[in-house]
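*Asks:* Sending over a structure as structure tokens; questions will come in a sec.
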Amino acid sequence: MTILKQSIYFITGDTLSNTIAGMAAALIAAGIVDQSWHMLPAMLIGMVAGMALSMLLMPLFVGLFGAMEVMLPVMLSSMLAGMVCAMVVTMQKL
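Residue numbers (numbering that gives the first Met the number 0): 0 to 93.
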């Protein structure tokens, strides 16, 4: 494989893994959190849900794209997506 083909492979894998993990974390956080919750606990629950979900999804991508190349970005994107989605759900009543 040439350098360009490897680069496209890893960029596509990184984008795909982060998108799937973020989308799944946002859906889980939206399912857990209700509009009656206070924003801070909702964000913490969304962060924990994203962290737990990324730990479950990581084995799917680690074998293909490498451990450190997947663990850090997937963990960050899923935690952030869970937090933001939980915050948005609690703010819908405003």
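The beta-carbon is built from N, C-alpha and C at its ideal position, and this holds for glycine as well. Computed from a prediction, not measured in an experiment: that's the story for all the values here.
Anyone know if the C-beta pair for A24 and A48 falls short of 8 Å?
*Replies:* Translated into the one-based positions of the sequence shown, residue 24 becomes position 25. Translated into the one-based positions of the sequence shown, residue 48 becomes position 49. It is a contact, given that the beta carbons lie within the stated cut-off.
*Asks:* Are at least three pairs of beta-carbons, each pair with one atom in the segment 34-48 and one in the segment 13-21, less than 8 Å apart?
*Replies:* no
*Asks:* Report the residue from I31, P72, F64 and V61 whose alpha carbon sits nearest the alpha carbon of C84.
*Replies:* Residue numbering aside, residue 84 sits at position 85 when the sequence shown is read from its first letter. The shortest C-alpha separation from C84 is found at I31.
*Asks:* With distances taken from CA atoms, which of S6, Q5 and S77 is nearest M54?
*Replies:* Numbered from its first residue, the sequence shown carries residue 54 at position 55. Comparing Cα-Cα distances from M54 to each of S6, Q5 and S77, the minimum goes to S77.
*Asks:* Would you mind stating whether F60 and G21 have Cβ atoms separated by less than 8 Å?
*Replies:* The count along the sequence shown starts at 1 and reaches residue 60 at position 61. The count along the sequence shown starts at 1 and reaches residue 21 at position 22. No, the Cβ-Cβ distance between F60 and G21 is not below 8 Å.
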